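S.K.: Read top to bottom, the protein sequences are chains Z and G. Per numbering that gives the first Met the number 0, the first sequence runs over residues 0 to 216. Per numbering that gives the first Met the number 0, the second sequence runs over residues 0 to 216. Here it is: the structure, laid out below.
Protein chains: 2
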Amino acid sequence: MNTSRNNKLNPNVVGRLSLYRRILQSLAMEGQAKVFSHALAKRAGVTASQVRRDLMTIGYTGSPSSGYDVVALGEATNLELDAPTRQPVMLLGVGNLGRAVLEYFHQAHARLEMVAAVDVDPEKVGRVISGVATYSAADLPDLIKEKGIDVAILTLPASRAQEATDLIVGAGVHSLLNFTNVRLRVPDGVFVENMDIGIALAKVAYYGRREEGRRGE
Amino acid sequence: MNTSRNNKLNPNVVGRLSLYRRILQSLAMEGQAKVFSHALAKRAGVTASQVRRDLMTIGYTGSPSSGYDVVALGEATNLELDAPTRQPVMLLGVGNLGRAVLEYFHQAHARLEMVAAVDVDPEKVGRVISGVATYSAADLPDLIKEKGIDVAILTLPASRAQEATDLIVGAGVHSLLNFTNVRLRVPDGVFVENMDIGIALAKVAYYGRREEGRRGE
DNA sequence: GTAACGACGTTACGTGATTCACAACAGTAT
DNA sequence: ATACTGTTGTGAATCACGTAACGTCGTTAC
Ligand SMILES: NC(=O)c1ccc[n+]([C@@H]2O[C@H](COP(=O)([O-])OP(=O)(O)OC[C@H]3O[C@@H](n4cnc5c(N)ncnc54)[C@H](O)[C@@H]3O)[C@@H](O)[C@H]2O)c1
Ligand SMILES: NC(=O)c1ccc[n+]([C@@H]2O[C@H](COP(=O)([O-])OP(=O)(O)OC[C@H]3O[C@@H](n4cnc5c(N)ncnc54)[C@H](O)[C@@H]3O)[C@@H](O)[C@H]2O)c1
Chain Z
0 MNTSRNNKLN PNVVGRLSLY RRILQSLAME GQAKVFSHAL AKRAGVTASQ VRRDLMTIGY
60 TGSPSSGYDV VALGEATNLE LDAPTRQPVM LLGVGNLGRA VLEYFHQAHA RLEMVAAVDV
120 DPEKVGRVIS GVATYSAADL PDLIKEKGID VAILTLPASR AQEATDLIVG AGVHSLLNFT
180 NVRLRVPDGV FVENMDIGIA LAKVAYYGRR EEGRRGE
Chain G
0 MNTSRNNKLN PNVVGRLSLY RRILQSLAME GQAKVFSHAL AKRAGVTASQ VRRDLMTIGY
60 TGSPSSGYDV VALGEATNLE LDAPTRQPVM LLGVGNLGRA VLEYFHQAHA RLEMVAAVDV
120 DPEKVGRVIS GVATYSAADL PDLIKEKGID VAILTLPASR AQEATDLIVG AGVHSLLNFT
180 NVRLRVPDGV FVENMDIGIA LAKVAYYGRR EEGRRGE
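Next comes the structure, spelled out in structure tokens:
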């Protein structure tokens, strides 16, 4: 709900930088060596001003004649966004969504490393799912301390989300990606990013409505 | 990228109203008849002012003594958010994520009805997955017109997202929930909600970093 | 050689969203 | 009855964020 203790960038900027980085990787693949703020902006769906301003906040500087160096800027964003070391992550709730996310982690771009999945279902505990070992929820605090986990992904039933959060935050986790539809109560200094699919659906439903007095097209 | 033609509420407000509605449903389950803005705000993770302001925009009014009527306010938000009729939705790309979303639609809260899934994989086409018939991508324009689909969910590979978008937008879809990591180019009047899991991961990774000079706790 | 151009970095500005603050008011207690 | 409490509805103030604008400077054209 509130941004964390000592990171200077705000979440919107972090999000856009991550987006720029992804685009820069594509450009590098395409063999582009340089890029102008306008081109980057177009691909990212923002204004050129926004791009320049964001790059200013990380102190990267380009050239008025040739723009930004694709590789160098990519590395600059990596430096800003990525931890100097691997970051262990855990996932709670190996259901439909949890499995999809685990699968997605195979092509992990960031420096995040999925080190543990947790479930209460005895069918799942002990098995290796999508390359990740699954543990019992009872082992949570030990697991977190042992592996030094700071980040967790919540894909468990909404009814269990708050208690699980209390448990893992107590054990040291302080950054959460929350896929459940509850708003978690967390102490100051703990970062929560909500991916609320229900709300996203409400929005597309709302704007998908075709009113009777439809003008245009 | 831009809000649609004739809906008066803006996306943030729609999102919060949807959140309030969900909370009101919980409260109703718990047998609460009335609720104050503070209580609603606490559960939603916003300020009480924000709640009152949002309710003002939909014209619902409570009582200074007893607050808001849980049921009546719930119905007021339904009236504002829901289409008067069922809204047919389609999903493109029945992969890991697509299946999870289809499964999720079984407990569909909103007035959205999943009427078709689309894939290019011949293994999937023609089968019924999570209660939804799967069609070939070749049938897309017919499908959209025939079923009157205005809303689509994109869970197909990023490399195919733009072309698929062009196709379905051309056929009349004008509200998209985009799970891929590309920023779609769409004409004015088409609403796109991005659920970018990669960016969400970048954020939790960033704020999960524990800096060397860690103060507090 | 010099003028014109175009993109960058940065500051200033505008806009929209959120929060503040308070008058009005229903209920309650005395 | 009257004073008090606590909450609503809402105009005003604030805040955050994105956008525009502009000075600077390398490059290019002539
Ligand atoms: N599937 C989707 O597309 C989707 C969409 C929107 C929201 N969500 C939300 O994501 C969450 C998970 O959805 P799902 O479809 O994967 O549900 P699911 O029921 O398939 O999976 C939930 C998993 O969590 C496990 N679990 C239960 N209690 C647990 C605990 N205390 N600790 C650890 N694991 C526990 C269960 O055993 C199960 O494996 C839900 O909150 C749901 O509302 C899912
Ligand atoms: N799985 C996740 O947790 C996750 C996380 C972040 C982003 N994503 C994104 O979501 C998208 C889907 O992810 P996934 O893991 O489900 O991938 P997936 O490969 O499991 O599924 C993709 C599906 O789309 C189908 N498809 C391919 N081309 C198509 C077309 N033109 N029209 C219709 N369907 C087509 C494929 O046959 C396949 O079934 C990807 O863009 C991915 O980057 C997924």
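Glycine included, C-beta positions come from ideal geometry on N, C-alpha and C. Remember, predicted model here, so these are calculated numbers, not experimental data.
Grouping DSSP H, G and I as helix and E and B as strand, with all else coil, what is G:MET28?
M.R.: G:MET28 falls in the helix class under three-state DSSP.
S.K.: Given the structure, does G:THR154 come close to ligand 2, in the sense that its CB is under 7 Å from one of the ligand's heavy atoms?
M.R.: Because some heavy atom of ligand 2 lies under 7 Å away, the Cβ of G:THR154 counts as near it: yes.
S.K.: How far does the alpha helix (DSSP H) with G:ALA75 in it reach, from first residue to last?
M.R.: From DSSP, the alpha helix (DSSP H) with G:ALA75 extends over 69 to 80.
S.K.: Got a sec: does ligand 1 put a non-hydrogen atom nearer than 7 Å to the Cβ of Z:ASN9?
M.R.: It does not: the Cβ of Z:ASN9 is nowhere closer than 7 Å to a heavy atom of ligand 1.
S.K.: With 8 Å as the threshold, decide whether the Cβ of Z:MET44 is near any Cβ in chain G.
M.R.: Reading off the sequence, residue 44 of chain Z comes out as Gly, not Met. So yes, Z:GLY44 belongs to the interface.
S.K.: Reducing DSSP to helix, strand and coil, say where Z:ASN180 ends up.
M.R.: Looking at Z:ASN180 - three-state DSSP - the assignment turns out to be coil, as it is neither helix nor strand.
S.K.: Output, in chain order, the set of chain Z residues within a Cβ distance shorter than 9 Å of G:MET89.
M.R.: What G:MET89 touches in chain Z: nothing, since even the nearest Cβ is about 11 Å away.
S.K.: Is Z:LEU91 near ligand 1, in the sense that its beta carbon is under 7 Å from a heavy atom of that ligand?
M.R.: The answer is yes for Z:LEU91.
S.K.: Any Cβ of chain Z within less than 8 Å of the Cβ of G:GLU102?
M.R.: Judged by the 8 Å Cβ criterion, G:GLU102 is in contact with chain Z.
S.K.: Among G:ASP68, G:HIS173, G:ALA109 and G:VAL119, which one has its Cα closest to the Cα of G:PRO186?
M.R.: Per the Cα distances, G:HIS173.
S.K.: For a cutoff of 8 Å on Cβ pairs, would you count G:SER3 as touching chain Z?
M.R.: Note that G:SER3 scores 40 on pLDDT, short of 50, meaning its location in the model is unreliable and no value can be drawn from it.
S.K.: Skipping 5 residues on each side, what residues in its chain have a beta carbon closer than 6 Å to that of G:MET194?
M.R.: Once the five neighbours on either side are set aside, the close Cβ partners of G:MET194 are PHE178.
S.K.: Using only alpha-carbon positions, find the residue among G:ARG51, G:MET89 and G:ASP120 that is nearest to G:VAL12.
M.R.: Nearest of G:ARG51, G:MET89 and G:ASP120 to G:VAL12, Cα basis: G:ARG51.
S.K.: Looking at chain G, is there any beta carbon in it that lies within less than 8 Å of the beta carbon of Z:ASP138?
M.R.: With 8 Å as the cut-off, Z:ASP138 does not count as an interface residue toward chain G.
S.K.: Return no unless some Cβ of chain G is closer than 8 Å to the Cβ of Z:SER158.
M.R.: No, Z:SER158 does not count as interfacial toward chain G.
S.K.: Check whether the Cβ of G:ASP68 lies closer than 8 Å to any Cβ atom in chain Z.
M.R.: No, G:ASP68 lies away from the interface with chain Z (no Cβ there is under 8 Å from its Cβ).
S.K.: Chain G partners of Z:LEU200, CB-CB under 7 Å?
M.R.: Within chain G, the residues near Z:LEU200 are ALA109, LEU111 and LEU176.
S.K.: Is any non-hydrogen atom of ligand 2 found closer than 7 Å to the C-beta of G:LYS123, if you look at the structure I gave you?
M.R.: Yes; taking the cut-off as 7 Å, the Cβ of G:LYS123 has a heavy atom of ligand 2 nearer than that.
S.K.: At 7 Å on the CB atoms, spell out the chain Z contacts of G:ASN180, in chain order.
M.R.: The contacting residues are ARG21.
S.K.: Which partner residues of G:ASN193 appear in the DSSP bridge assignment?
M.R.: Answer is G:ASN177, bridged to G:ASN193.
S.K.: Return the residue from the list G:HIS105, G:MET55, G:TYR205 and G:LEU153 that minimises the CA-CA distance to G:LEU192.
M.R.: Contrary to the premise, residue 192 of chain G reads as Glu rather than Leu in this sequence. The option with the nearest alpha carbon to G:GLU192 is G:LEU153.
S.K.: Z:LEU18 versus chain G: which residues are under 7 Å apart at the beta carbon?
M.R.: Residues of chain G passing the Cβ test: ILE198.
S.K.: Taking Cβ-Cβ distances shorter than 8 Å, what residues in chain Z pair up with G:ASN95?
M.R.: Per Cβ cutoff of 8 Å: ARG98, ALA99, GLU102 and TYR103.
S.K.: Check G:LYS123 in the structure and name its three-state DSSP category.
M.R.: DSSP places G:LYS123 in coil when its eight states are reduced to three.
S.K.: Determine the extent of the beta strand (DSSP E) in which G:SER135 is found, giving its start and end residues.
M.R.: Its beta strand (DSSP E) spans residues 131 to 135.
S.K.: By DSSP's criteria, Z:ALA157 is part of a beta bridge. Which residues make up the other side?
M.R.: Its beta-bridge partners do not exist; DSSP assigns none.
S.K.: Taking Cβ to Cβ, would you say Z:ALA170 is nearer than 8 Å to G:ARG208?
M.R.: Cβ atoms of Z:ALA170 and G:ARG208: not closer than 8 Å.
S.K.: Buried or exposed: where does Z:ASP138 fall if 16 or more other Cβ atoms within 10 Å of its Cβ makes it buried?
M.R.: That one is exposed.
S.K.: Rounded to a whole number of angstroms, what is the C-alpha to C-alpha distance between G:ALA32 and G:SER64?
M.R.: Cα to Cα, the separation comes out at about 13 Å.
S.K.: Leaving aside the five residues before and after G:GLN106 along the sequence, list all residues of the same chain whose C-beta is less than 7 Å from its C-beta, in chain order.
M.R.: Taken in chain order, the list of residues that qualify is empty.
S.K.: Is Z:ALA234 helix, strand or coil when you go by DSSP?
M.R.: This structure cannot speak to residue 234 of chain Z, because chain Z is shown only from 0 to 216.
S.K.: Can you grab the Cα-Cα spacing for the pair Z:LYS202 / G:GLY14, in whole Å?
M.R.: The alpha-carbon atoms of Z:LYS202 and G:GLY14 are separated by roughly 6 Å.
S.K.: Check whether the Cβ of Z:ASP120 sits closer than 7 Å to any heavy atom of ligand 1, and report yes or no.
M.R.: Z:ASP120 Cβ: within cutoff of ligand 1.
S.K.: Between G:PRO156, G:LEU166, G:LEU54 and G:TYR205, which has its C-alpha nearest Z:ARG110's C-alpha?
M.R.: It is G:TYR205 whose Cα lies nearest to the Cα of Z:ARG110.
S.K.: Strictly under 8 Å for the Cβ-Cβ distance: is G:GLY215 near chain Z by that measure?
M.R.: With a pLDDT of 35 at G:GLY215, under the threshold of 50, the predicted position of this residue should be treated as unreliable, and no value is reported.
S.K.: If you drop the 5 nearest sequence neighbours on each side, which residues of the same chain put their C-beta closer than 7 Å to that of G:ARG126?
M.R.: Closer than 7 Å at the Cβ level, and outside the excluded window around G:ARG126, lie THR133.
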